[in-house]
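Novice: Please read through the structure below; I'll follow up with questions.
In the numbering used here, the protein residues as written are 12 to 936.
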């Protein structure tokens, strides 16, 4: 018997998944304890579905059937169930078969697979999710193909197989469709999987942000407290759906003018979203009530969870398990709430009181409630409008990745602003950010750059500038402060992208113009000479000058500087009108205003009336940029962002310039090459053997093991032979062939040619014996030096190639020149994994010492094509195998033709529970 508590039970196969309609289900192995659940599940399946499964009327399962379907060895026979609560909603199983179609064991690599989905849950994408997971299980157990027999009338099941993206064969035999699926992942199957992931996760967020009914649980009768505040904000925001208040002591029909009930069960209508504001110890009771009532999602405002210590973290884990057991999703706990300004929704399920944010094109996500308050206040003060806002608190379930999935296809959101303390799943974040940034800007401010001792936010081993460069590679606009987050967001939400770095500057203050000019140079822009309109300039003078600058072919953006008029006779509204008139006439270039103590001008340039559309009408869509218009947007309204300092305006313009450049370059993002000689399966088998018996730590491979692993990916490490004595060194040299190199490999001397631990170009036995004696006399005994002999390779440029898994940035590929350049000067460049051919080409050209690779001062250029291929092969290895947590190739000698890897260090570990590889799954707790 196998139960969930048995050591043989594969607990790592358990996973929570988001289904097509945004609900969740849990996938887990079927055990002997599931007999009752299986029988109950089968009784709820229609006769038609049973017929499709068994090809004959099959009204009930026999005792033998139940035993067969609940007893598995998890190798040759595997069954998985999709569950909501404790009940099965679907099952899938495979049985390994031989060439004759009869039951078999390894090394047979084919299995027969069959599904059964409860009718009430068909159409939710359950079978597709189960196919992903059973396919991953099968590959883990050495199965390479699935075979399935499907009745021709079972169109839904045939479509599941057809749409999976695997290579398949179909034939019609004996009245059924015979399908064979090759389980090796393909580019198409991965694309299908990620498209389904995007639709499901976006739908799950959409259900949270567009409820037709909301219940607030924990509303005090006195009108004070978090629950009462949330209820008032929902009511005052003009929520278009049904609103209910829940208080167990409610004795009247109304609380704060809202229908009140003593329990959620007393609400006779459906409830889509519940806002929970009760003490943490009472939250499980409230969650259970929501689950029983069919609530789709929760916003938990209650505190006392992961932020409060170990006991609170365990309470948070149990909360997530309970919420998901009912198929719900959770924002929080310790959340500040959510806002959706769409006129057909009018949702303010947050602690933000009136005046609520106005409607606009900015999506805002924060992990911190305090930062959320600051950002909402800044946007409201400066006339910035929101499409949606999510403050996820401890983000135990819904995270920034989910929100990016939603914003990617949300037509009401043009700019995504995010305050993040961690990236969660870094691989997934950078993948989603890159895809989203290709159609709309993603601006991120990150906290936790310098993690205090004892703080819960994990730090990074990479310098902050490196993290910024990696995010920029994914198209993310990284800013340093929440003020910059708002500054950049306002410009991107209201202005077209600049076509280049040329900036025209005009205004009524020469000094302010010069400051702006200097700031442009500091940001790498190309400013023109400031045009001084003098302090006597009128609004008409500004209109004329701005029209000329916008119409000029010599500028890509314009910054207008304004100081108060001495006589104070010029109305600021007139100036705002003049500037907007000029922008309306030439809408293809961005404009920013730098002002000195002109608060009324700020209000006039971005009035609420221009940001918020009429409550009854649709918000004008902001067309996405095309190559033809260089990323420009056309808008029927005209808003111009204003800044109280030149540096802030210029920084915003510079970020828009860099993002526009990334967009144009990203039109051809490059490819991750396929190399026919890569042996992914062989590398996986070797890693499994190396890690067998290894605990939770990191294993540093021996040099032979490291070389063997790298060889599976076409990376050859030049062999070395140990030389514990001079005679052994001579024998090694004869084996390798002269000339040779003699090196010490002691840790304190490794890669330190400057300390005299390396002798090169030893052409014969006499040279070798003399060098051996010199080394041992100078540096220590052979036992201390660990000398080795290695064949000489063609001269070239010594480089270093590395890949590491960083806790904050994910898998990173690094490159630099060996020695002082990278170690002392930090001249190292980085790219995210997986790297494309464009990434590899850019990586080697990004370091300051790159000219040494391309024929500096008359030297011969080296084989950069071979270097790029090495980088791409290493990127593939790390991306394909999360067990590989660190690789250092040093030195890599790049010659005029080819290259040589002289030494390799590889570290491996069991893969983390959360990766961006394999079948779709939510983070586990």
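Cβ atoms here follow ideal geometry from the backbone N, Cα and C, with glycine treated the same way.
Keep in mind the model is a prediction, meaning the values are calculated, not measured.
For residue 671 and residue 665, what's the separation of their Cα atoms in angstroms?
Specialist: Between residue 671 and residue 665, the C-alpha separation is close to 10 Å.
Novice: Along the chain, where does the beta strand (DSSP E) that runs through residue 179 open and close?
Specialist: Taken as a continuous stretch (DSSP letters only), the beta strand (DSSP E) holding residue 179 covers 178-184.
Novice: Please state whether the Cβ-Cβ distance between residue 450 and residue 487 is less than 8 Å.
Specialist: In this structure, residue 487 does not lie closer than 8 Å to residue 450 by Cβ.
Novice: According to DSSP, residue 538 sits in a beta bridge with which residue or residues?
Specialist: Answer is 514.
Novice: Identify the continuous alpha helix (DSSP H) that holds residue 456 and give its terminal residues.
Specialist: Run containing residue 456: none in the alpha helix (DSSP H); it sits in the beta strand (DSSP E), 453-457.
Novice: Should residue 457 and residue 431 be called a contact, given that it needs their Cβ atoms to be closer than 8 Å?
Specialist: Yes, they are a contact pair.
Novice: Grouping DSSP H, G and I as helix and E and B as strand, with all else coil, what is residue 767?
Specialist: In the structure shown, residue 767 sits in coil (DSSP, three-state: anything other than H, G, I, E or B).
Novice: Assuming residue 949 and residue 659 are in contact, meaning their beta carbons sit under 8 Å apart, how far apart are those beta carbons, in whole angstroms?
Specialist: Limits of the chain in this structure are 12 at one end and 936 at the other, which puts residue 949 out of reach.
Novice: Have a look at residue 617 and residue 652 and give me their C-alpha separation to the nearest angstrom.
Specialist: Whole-angstrom Cα-Cα distance: 7 Å.
Novice: Considering only the beta carbon of each residue, do residue 219 and residue 340 sit closer than 8 Å?
Specialist: Yes, the Cβ-Cβ distance between residue 219 and residue 340 is below 8 Å.
Novice: Does the beta-carbon of residue 484 have 16 or more other beta-carbons within 10 angstroms, so that it is buried, or is it exposed?
Specialist: With 16 or more Cβ atoms within 10 Å of its Cβ, residue 484 is classed as buried.
Novice: Residue 877 to residue 846, Cα distance in whole Å?
Specialist: One C-alpha to the other measures close to 15 Å.
Novice: Within 10 angstroms of the Cβ of residue 800, are there 16 or more other Cβ atoms? Answer buried if so, exposed if not.
Specialist: Classification for residue 800: buried.
Novice: Among 45, 134, 309 and 103, which has the Cα closest to the Cα of residue 360?
Specialist: Closest by alpha carbon: 309.
Novice: Do you know whose CA, among 76, 888 and 83, lies nearest residue 20's CA?
Specialist: Residue 20 has its Cα closest to that of 83, out of 76, 888 and 83.
Novice: Compute the Euclidean distance between the alpha carbons of residue 804 and residue 863, then round it to the nearest angstrom.
Specialist: About 19 Å.
Novice: Hey, which unbroken runs of the alpha helix (DSSP H) at 4 residues or more fall wholly within the segment 742-802?
Specialist: Qualifying alpha helix (DSSP H) stretches, in chain order: 776-790 and 793-796.
Novice: Can you tell me which of 681, 393, 313 and 613 puts its alpha carbon nearest to the alpha carbon of residue 236?
Specialist: Selected option, being the one with the closest Cα: 313.
Novice: Here's a check: name, in chain order, each residue in its chain whose Cβ is nearer than 7 Å to the Cβ of residue 355, leaving out the five neighbours to either side.
Specialist: For residue 355, where only same-chain residues beyond five positions count, the Cβ hits under 7 Å are 251.
Novice: Is the segment 401-418 touching the segment 365-377 in the sense that three or more CB pairs, one from each, lie closer than 8 Å?
Specialist: Yes, since at least three Cβ pairs between the segment 365-377 and the segment 401-418 fall closer than 8 Å, the two stretches touch.
Novice: Nearest to residue 99 by alpha carbon, out of 40, 154, 86 and 87?
Specialist: Of 40, 154, 86 and 87, the residue nearest in Cα terms is 40.
Novice: Hey, how far is the Cα of residue 610 from the Cα of residue 650?
Specialist: Going by the C-alpha atoms only, they are around 15 Å apart.
Novice: Give the range of the alpha helix (DSSP H) segment to which residue 697 is assigned.
Specialist: Here the alpha helix (DSSP H) through residue 697 covers 691-702.
Novice: Classify residue 170: buried if its beta carbon has 16 or more other beta carbons within 10 angstroms, exposed otherwise.
Specialist: Exposed.
Novice: List in chain order: all unbroken alpha helix (DSSP H) runs of 4+ residues lying wholly within the segment 239-305.
Specialist: Runs found: 294-304.
Novice: Residue ranges of each alpha helix (DSSP H) run of no fewer than 4 residues wholly in the segment 98-185, ordered along the chain?
Specialist: Runs of the alpha helix (DSSP H) inside the segment 98-185: 137-151 and 166-173.
Novice: With H, G and I counted as helix, E and B as strand and the rest as coil, what does DSSP make of residue 929?
Specialist: Reduced to three states, the DSSP call for residue 929 is coil.
Novice: Nearest CA to the CA of residue 442: which residue from 223, 24, 47 and 822?
Specialist: It is 822.
Novice: With DSSP collapsed to three states, give me the class of residue 27.
Specialist: Correct three-state label for residue 27: strand.
Novice: Between residue 751 and the rest of its own chain, which residues show a CB-CB distance below 8 Å, the 5 nearest in sequence each way excluded?
Specialist: Cβ neighbours of residue 751 beyond the five flanking positions: 743, 744, 773, 779, 800, 801, 802 and 803.
Novice: If I'm right that residue 161 touches residue 188 with Cβ under 8 Å, what's the distance once you round it to whole angstroms?
Specialist: 5 Å between Cβ atoms; contact.
Novice: Between residue 682 and the rest of its own chain, which residues show a CB-CB distance below 7 Å, the 5 nearest in sequence each way excluded?
Specialist: Excluding residues within five positions, the ones whose Cβ falls inside 7 Å are 847 and 848.
Novice: Starting from the C-beta of residue 691, find all residues in its chain whose C-beta is less than 6 Å away, skip the five residues before and the five after it, and write them out in chain order.
Specialist: Only 891 meet the Cβ criterion.
Novice: By the three-class DSSP mapping on this structure, what secondary structure does residue 731 have?
Specialist: Three-state result, residue 731: strand.
Novice: In the segment 801-850, which residue ranges form an unbroken beta strand (DSSP E) of at least 3 residues, counting only runs that do not cross its ends?
Specialist: DSSP runs (the beta strand (DSSP E)) wholly in the segment 801-850: 808-817, 821-828 and 839-843.
Novice: If distances are taken between C-alpha atoms only, which option among 663, 559 and 552 comes closest to residue 604?
Specialist: Residue 604 has its Cα closest to that of 663, out of 663, 559 and 552.
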